[in-house]
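Participant: A single structure is presented below for examination.
Chains as they are written, first to last, in the working numbering: chain B, 16 to 273; chain A, 16 to 273.
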């Protein structure tokens, strides 16, 4: 990479989130940074895009520094689309999303706004990484992981990524000296056993809060869940071709009779 | 299947959508139907779930018939979660989503609320199918495709689906006599070239509407786009393990130096 790369930074926790601020700081060490991030938290937005309402983008100044920052009324996927077409007017050399406050490992990738931004960039053939720290607190300590975030981003800039692949990076919530390193993994087979907390509002109407328990059904030692439990940073190559290629042959034996 | 199967029906266009009404009619021919669908349109919601606000579910009666119907304030994925835990109190034998007003082929699967409901069911190990008709009109003619919808659902009930796989079924917008049949396919590599329509509101503030052009970059004849263009119904087996397994070996050659 002869000149400084152009790096688009976004997230789903919103433009003021400490995790985003940390990521901007790391990316400024390796490139020219433009931030286009949601003006409010967009967690669990999945790969939503805004087609039935209008979108706003405002230039903002939140921290000192050379980065340009834009606040967007849309989802993380909207932010990437608007950044490429309207703000940058070209593809950045790298798109990083995060650092998310909370895990996006295993099945969480499906619900993740952080990863939807990275996937949206990948769909547009931009090398992309989503970063998440396994600590939901707004005051989470991101400093321990910044050197790992930097080396992963540098590797992507240097080596590129296979077509149609982005990285889902999750960081265990441990002290730096406990980190065992970086591990390339597959997504664990896990799900959420939902529980709905049923309540009655002051007007007598029933409502629910979604809650649940995470259940890892996967005993493999090559999964992101195993890596994180064992103090490794997990790196899962993620694709947006959802075809279950292994199932095609079996489905071709079916008889379809009207 | 000795007794009548229990079939959960949902969608993303909302509980009054004609496509959902058609799907209810077809499913009533083969099983006992419970509907839990959004109370308003949720298109392009991706795999969003509602974690920061409350959820409401109301028993409603929209059409005559033996089916039970519930309207839900949440996203399509919320509907499936609430249906299984709170409405049915057990897993249905089949979950069908749709019939969507508009395509969910190729990359649209990523943005699709219809498919997110099917994927959510799949995550909970419920056999699931998303159906979509390539006609965005509210008054689209769904009658031509009902026999195909029925035979696909019957096949899933009889044969089951591989673990972690759901079906993405798209139906070309042609007259019944033009249908060439059903084709098992892979997801085409395609994307949307976004264009943002920039306007100024009456208060002088700039805003955008998202629009764009669909671009199929995939010349394969085994894709859903090819099938649809050639008047076949496309059936893509879709998985929620997003791991790009083919990329793991390459990533393992990277050097991570802090």
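Glycine residues also receive a C-beta, built at the ideal position from the N, C-alpha and C atoms.
Applying a beta-carbon distance threshold of less than 8 Å, which residues of chain E neighbour residue 271 of chain A?
Facilitator: In the displayed structure, chain E is absent; the protein chains listed are B and A.
Participant: Which residues of chain B have a Cβ atom closer than 8 Å to the Cβ of residue 150 of chain A, listed in chain order?
Facilitator: Here residue 150 of chain A refers to the residue found at position 135 of the second chain. Per Cβ cutoff of 8 Å: no residues; residue 150 of chain A is ~17 Å from chain B at best.
Participant: Which residues in chain B sit within 7 Å of residue 250 of chain A, going by Cβ to Cβ distance?
Facilitator: Looking up residue 250 of chain A in the second chain gives position 235. In chain order: 266.
Participant: Among A:45, A:20, A:52 and A:44, which has the Cα closest to the Cα of residue 34 of chain A?
Facilitator: Taking the first residue of the second chain as 1, we reach residue 34 of chain A at position 19. Considering only alpha carbons, the answer is A:52.
Participant: Return the Cβ separation of residue 200 of chain B and residue 150 of chain B in integer angstroms, given the expectation that the two are a contact with Cβ distance under 8 Å.
Facilitator: Here residue 200 of chain B is taken as the residue at index 185 of the first chain, counted from 1. Here residue 150 of chain B is taken as the residue at index 135 of the first chain, counted from 1. In fact, because the Cβ distance is near 19 Å, the residues do not count as touching under 8 Å.
Participant: For the region 97-118 of chain B, which residues have a CB atom closer than 9 Å to at least one CB atom of chain A, in sequence order?
Facilitator: Against chain A - using a Cβ distance shorter than 9 Å - the residues of the region 97-118 of chain B are 97, 99, 100 and 101.
Participant: Excluding the five sequence neighbours on either side, which residues of its own chain have a C-beta within less than 7 Å of the C-beta of residue 175 of chain B, listed in chain order?
Facilitator: Numbered from 1 along the first chain, position 160 holds the residue referred to as residue 175 of chain B. The answer, listed in chain order, is 142.
Participant: Shortest alpha-carbon distance to residue 257 of chain B belongs to which of A:42, A:213, A:271 and A:182?
Facilitator: Taking the first chain and counting its residues from 1, one reaches residue 257 of chain B at position 242. Closest option to residue 257 of chain B, Cα to Cα, is A:182.
Participant: Going by C-alpha to C-alpha distance, which of A:87, A:76 and A:268 sits closest to residue 69 of chain A?
Facilitator: Taking the first residue of the second chain as 1, we reach residue 69 of chain A at position 54. Comparing Cα-Cα distances from residue 69 of chain A to each of A:87, A:76 and A:268, the minimum goes to A:87.
Participant: Could you tell me if residue 78 of chain A is buried or exposed, where buried requires 16 or more neighbouring beta carbons within 10 angstroms of its beta carbon?
Facilitator: Looking up residue 78 of chain A in the second chain gives position 63. Per the 10 Å Cβ criterion, exposed.
Participant: In chain B, which residues lie less than 7 Å from residue 55 of chain A when you measure between Cβ atoms?
Facilitator: Looking up residue 55 of chain A in the second chain gives position 40. Near residue 55 of chain A there are no residues of chain B at all, since even the closest Cβ is about 10 Å away, more than 7 Å.
Participant: Which residues in chain B have a C-beta closer than 7 Å to the C-beta of residue 184 of chain A? List them in chain order.
Facilitator: Within the second chain, the letter at position 169 stands for residue 184 of chain A. Chain B residues near residue 184 of chain A: none, gap ~11 Å exceeds 7 Å.
Participant: Along the chain, where does the beta strand (DSSP E) containing residue 144 of chain A start, and where does it finish?
Facilitator: Position 129 of the second chain, counting from 1, holds the residue named residue 144 of chain A. Element bounds for residue 144 of chain A: 143-148.
Participant: I want to verify the contact list: residues of chain B whose CB lies under 8 Å from the CB of residue 180 of chain A, in sequence order.
Facilitator: Start at 1 with the first residue of the second chain, and residue 180 of chain A comes out as number 165. Residues of chain B passing the Cβ test: 259 and 262.
Participant: Taking C-beta to C-beta, are residue 270 of chain A and residue 242 of chain A nearer than 8 Å?
Facilitator: Numbered from its first residue, the second chain carries residue 270 of chain A at position 255. Numbered from its first residue, the second chain carries residue 242 of chain A at position 227. In this structure, residue 242 of chain A does not lie closer than 8 Å to residue 270 of chain A by Cβ.
Participant: Is residue 59 of chain B near residue 180 of chain A, with beta carbons less than 8 Å apart?
Facilitator: Taking the first residue of the first chain as 1, we reach residue 59 of chain B at position 44. Taking the first residue of the second chain as 1, we reach residue 180 of chain A at position 165. Not in contact: residue 59 of chain B and residue 180 of chain A (Cβ atoms no closer than 8 Å).
Participant: Residues in its own chain within less than 7 Å of residue 191 of chain B by CB, not counting five upstream and five downstream?
Facilitator: Residue numbering aside, residue 191 of chain B sits at position 176 when the first chain is read from its first letter. The answer, listed in chain order, is 159.
Participant: Excluding five sequence neighbours on each side, which residues of the same chain lie with their C-beta closer than 8 Å to the C-beta of residue 245 of chain B?
Facilitator: Residue 245 of chain B sits at position 230 when you count from the first residue of the first chain. Cβ neighbours of residue 245 of chain B beyond the five flanking positions: 195.
Participant: Taking all protein chains shown into account, do 16 or more other C-beta atoms lie within 10 angstroms of the C-beta of residue 232 of chain A, making it buried, or fewer, making it exposed?
Facilitator: Your numbering for residue 232 of chain A matches position 217 in the second chain. Answer is exposed; the Cβ neighbour count stays below 16.
Participant: Here's the rule: buried if 16 or more other CB atoms are within 10 angstroms of the residue's CB, otherwise exposed. What is residue 209 of chain B?
Facilitator: Position 194 of the first chain, counted from the first residue, corresponds to residue 209 of chain B. The residue in question, residue 209 of chain B, is buried, as its Cβ has 16 or more Cβ neighbours within 10 Å.
Participant: What would DSSP say about residue 91 of chain B, mapped onto helix, strand or coil?
Facilitator: Taking the first chain and counting its residues from 1, one reaches residue 91 of chain B at position 76. Residue 91 of chain B: helix per DSSP, three-state reduction.
Participant: Under DSSP, the beta strand (DSSP E) around residue 196 of chain B begins and ends at which residues?
Facilitator: Position 181 of the first chain, counted from the first residue, corresponds to residue 196 of chain B. Run containing residue 196 of chain B: 196-199, per the beta strand (DSSP E) assignment.
Participant: Using 8 Å as the limit for Cβ to Cβ distance, is residue 37 of chain A near chain B?
Facilitator: Residue 37 of chain A sits at position 22 when you count from the first residue of the second chain. Chain B contact via Cβ: absent.
Participant: Going by C-alpha distance, which of A:28, A:163, A:72 and A:38 is nearest residue 61 of chain A?
Facilitator: Here residue 61 of chain A corresponds to residue number 46 of the second chain, with the count starting at 1. Looking at the Cα atoms, A:28 is the closest of the given residues.
Participant: Is residue 91 of chain B near residue 132 of chain B, with beta carbons less than 8 Å apart?
Facilitator: Here residue 91 of chain B is taken as the residue at index 76 of the first chain, counted from 1. Here residue 132 of chain B is taken as the residue at index 117 of the first chain, counted from 1. The answer is yes: Cβ separation under 8 Å.
Participant: Would the beta-carbon of residue 145 of chain A fall within 8 Å of that of residue 170 of chain A?
Facilitator: In the second chain, the residue the question calls residue 145 of chain A occupies position 130. In the second chain, the residue the question calls residue 170 of chain A occupies position 155. No. Outside cutoff.
Participant: Enumerate, from N- to C-terminal direction, the unbroken alpha helix (DSSP H) stretches of 4 or more residues contained entirely within the region 16-59 of chain A.
Facilitator: 33-43, all fully within the region 16-59 of chain A.
Participant: Is residue 21 of chain B closer than 8 Å to residue 111 of chain B when the C-beta atoms are compared?
Facilitator: Residue mapping note: residue 111 of chain B aligns to position 96 of the first chain, counting from 1. Residue mapping note: residue 21 of chain B aligns to position 6 of the first chain, counting from 1. No, these two residues do not count as a Cβ contact at 8 Å.
Participant: Where do the ends of the beta strand (DSSP E) carrying residue 212 of chain B lie?
Facilitator: Your numbering for residue 212 of chain B matches position 197 in the first chain. First-last of the beta strand (DSSP E) with residue 212 of chain B: 205-215.
Participant: Out of A:247, A:184 and A:226, which one is the CA nearest neighbour of residue 236 of chain A?
Facilitator: In the second chain, residue 236 of chain A corresponds to position 221, counting from 1. Nearest of A:247, A:184 and A:226 to residue 236 of chain A, Cα basis: A:247.
Participant: One question on the structure: do residue 19 of chain A and residue 47 of chain A come within less than 8 Å of each other, judged by their Cβ atoms?
Facilitator: The residue you call residue 19 of chain A lines up with position 4 of the second chain. The residue you call residue 47 of chain A lines up with position 32 of the second chain. Result yes, Cβ atoms of residue 19 of chain A and residue 47 of chain A sit closer than 8 Å.
Participant: Cβ of residue 126 of chain B less than 8 Å from any chain A Cβ?
Facilitator: As a working note, residue 126 of chain B is residue 111 in the first chain. Yes, contact with chain A.
Participant: Compute the distance between the beta-carbons of residue 107 of chain B and residue 23 of chain B, then report whether it is under 8 Å.
Facilitator: Against the first chain, residue 107 of chain B aligns to sequence position 92. Against the first chain, residue 23 of chain B aligns to sequence position 8. Against a cut-off of 8 Å, the Cβ pair of residue 23 of chain B and residue 107 of chain B comes out as a contact.
Participant: Given that a residue counts as buried once 16 or more other Cβ atoms are within 10 Å of its Cβ, and exposed if not, what is residue 250 of chain B?
Facilitator: The residue you call residue 250 of chain B lines up with position 235 of the first chain. Answer is buried; the Cβ neighbour count reaches 16.
Participant: In chain order, what residues of the same chain lie with their CB nearer than 8 Å to the CB of residue 230 of chain A, ignoring the 5 residues before and after it?
Facilitator: For the purposes of this step, residue 230 of chain A is taken as residue 215 along the second chain, with counting starting at 1. If we look at residue 230 of chain A and ignore the five residues flanking it on each side, its Cβ neighbours are 205, 206, 207 and 208.
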